[in-house]
Amino acid sequence: MAIPHRRGGSAELAEIERAARGVCRPVLLFDRSVAAADPGLVREAEALFPVRVFGRHALAEAVRGVGADGITTFHDAEVDGVTAVASALGLPGPTAAPSPWDKLTQRTLLAGAGLTRVTAVAVDSAEAFASALDTVRLPAVLKPRRGVGGSGIAFVDDRSDADYQLRHRTRWSDLLLETRLPPYEHPRGGWRADYVSVETASTGDDHIPVAVFDKTPVAVCRRAGPGASDTVSVTGDLTPTRLPHPVRDRVLAYVRNVLRTLRVRWCVSHTEVKLLPDGVDLIEVNGRVGGHLPRLLLALEGPDLLAAAMRLALALDPEVPPLAGGAPRGYAMGLFPTFGEKSGTVRSDVARERLERLPCVVRVDEVAERGAPRRATGYRAANVVLRARDESEMDTAVATVAAEISALFAADGLAEAGWLENF
């Protein structure tokens, strides 16, 4: 199994090694620029797998060279290359043209199928952006057609936001401007955000829902990103979803229609769906396992998304059980609040053991270290997993854990962050 890899995806090296047992023999592939910038990661990979470094535009040659029977990835930046190479070499995977992962292509195909109400226009220059403002009604979102980890996004609520983009944005290629879906609320209220995500295992002719995740509200810092962008950070996931069954079934039927329209096959995909008063609409579809999510299913002794992705890349049955109703094994939640201030270093001194003692915390994956750059953890203060027997226990625990993390990182401004008010 050829697996192009880099740091910051939805699977770390040890997780790939574990998931591959009994499924395939991974060969880790690194783009030469990635290997040069992160030689430590390559050395870590060499301790676990055969490793190959490939040059620019030479991924297909590298895959042929290792005699791979399939190719997959767990990083956004590698998805397009993987899709193109699988198609070119006749390996299992989605159709490469048109790309199902291009957000403008998604909007165009879904609009033709009556599956989105969003208007989207290509933007490749400041002049094209100014023209698009005549077509796309505000509020809108300016974002990359193929983004990585929510980067490059800017909310354009009014003309002042548009003028700011025209004055300060430094990169205009491969963008789109689309109407912004209106805010709503989760049917169960509380801290749950107004969107969910669905992990789906797609075979050659079917789309099997594996899990549905509720979300905590995203953290948005206006004009805090590079090139006039906003920073948009996911802060938490909960599974199983608490959507009422009729709403959950509507979401699942919608996702199935979306993936069928985009001709997605032989992969695990991550689809984000916006909840609306009169239905649902698409936020985006990503051609890889969702970040932070495999660990939550494993915490509930549930299906292994990484193993399923590898099996599908070999055109094998993903071996995932039917999606259960309710929460027969309780709830698992990932919580990872982010720093509002992105620059500089961490001022708080927080011990991992302090977080491990918090109620329902079963795993601590990250703790930002004092003196380290905030960007070292993707601007996350901490990243913890909670497991609870029922809704009441989880709600009590998440409120306590969110408040405690915010207090522990008060020196970095988390105690005053608007995100905490959600709990």
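Numbering (our numbering), first residue to last: 389 to 811.
Every residue gets a Cβ at the ideal spot worked out from N, C-alpha and C, and that includes glycine.
- The beta strand (DSSP E) runs lying completely inside the segment 710-755 and spanning 3 residues or more are 719-723 and 749-755, given in chain order.
- Nearest to residue 616 by alpha-carbon distance, out of 560, 638, 434 and 432, is 560.
- A direct Cα-to-Cα measurement between residue 755 and residue 789 gives close to 14 angstroms.
- Contact between residue 651 and residue 480 is absent: CB atoms are separated by about 13 angstroms, not below the 8 angstroms threshold.
- A direct Cα-to-Cα measurement between residue 587 and residue 432 gives close to 29 angstroms.
- When the Cα atoms are used, residue 642 and residue 682 turn out to be separated by approximately 23 angstroms.
- In the DSSP assignment, residue 645 falls within the unbroken alpha helix (DSSP H) covering 633-649.
- A check of alpha carbon separations from residue 753 across 785, 743 and 596 identifies 743 as the nearest.
- The three-state secondary structure of residue 396, taken from DSSP, is coil.
- Of 673, 412, 807 and 663, the smallest CA-CA separation from residue 648 is found for 673.
- If you draw a straight line from the Cα of residue 695 to the Cα of residue 408, it comes to about 6 angstroms.
- Of the other Cβ atoms in all chains shown, 16 or more fall within 10 Å of the Cβ of residue 540; this residue is therefore buried.
- As summarised for the segment 452-536, the continuous alpha helix (DSSP H) elements at least 4 residues long and confined to that stretch are 464-477, 491-500 and 514-520, given in chain order.
- Contact between the segment 710-729 and the segment 619-627 is present, with at least three C-beta pairs closer than 8 angstroms.
- Comparing alpha-carbon positions, the option among 476, 653 and 654 lying closest to residue 452 turns out to be 476.
- By the CB criterion at 9 angstroms, residue 707 and residue 717 fall outside the cutoff.
- Selection 670, 720 and 810 evaluated against residue 497 yields 670 as nearest (Cα-Cα).
- The segment 756-769 makes no contact with the segment 628-644: fewer than 3 CB pairs, one atom from each, lie closer than 8 angstroms.
- Residue 526 and residue 644 have their C-alpha atoms some 29 angstroms from each other.
- Rounded to the nearest whole angstrom, the C-alpha separation of residue 613 and residue 410 is 42 angstroms.
- Taking the Cα positions, residue 469 is about 7 angstroms away from residue 447.
- Contact annotation: residue 572 and residue 488 have beta-carbon atoms that are not nearer than 9 angstroms.
- Taken through DSSP and simplified to helix, strand or coil, residue 541 comes out as coil.
- In the three-state DSSP reduction, residue 405 falls in the helix class (H, G or I).
- Note: residue 597 is bridge-paired with 588 in the DSSP secondary-structure output.
- In the DSSP assignment, residue 428 falls within the alpha helix (DSSP H) that extends over 427-434.
- In this structure, 510 is the residue among 609, 510, 808 and 515 with its C-alpha nearest to the C-alpha of residue 567.
- Judged by DSSP secondary structure, residue 788 falls within the alpha helix (DSSP H) whose first and last residues are 779-796.
- Contact check between the segment 434-446 and the segment 414-424: three or more CB pairs, one atom from each, fall below 8 angstroms, which counts as touching.
- In this chain, the alpha helix (DSSP H) harbouring residue 687 covers 682-687.
- In terms of CA proximity to residue 733, 767 leads the group 767, 478, 702 and 396.
- For a cut-off of 8 angstroms, the C-beta gap from residue 393 to residue 471 is around 16 angstroms, too long to register as a contact.
- Within the same chain, 418, 420 and 423 come within 7 angstroms of residue 441 by CB-CB distance, once the 5 residues on both sides are set aside.
- Taking the CA atoms as reference points, residue 578 sits about 24 angstroms from residue 610.
- Inter-residue distance for residue 803 and residue 794 is about 5 angstroms (C-alpha atoms, whole angstroms).
- Look at residue 664 here: in three-state DSSP terms it is strand.
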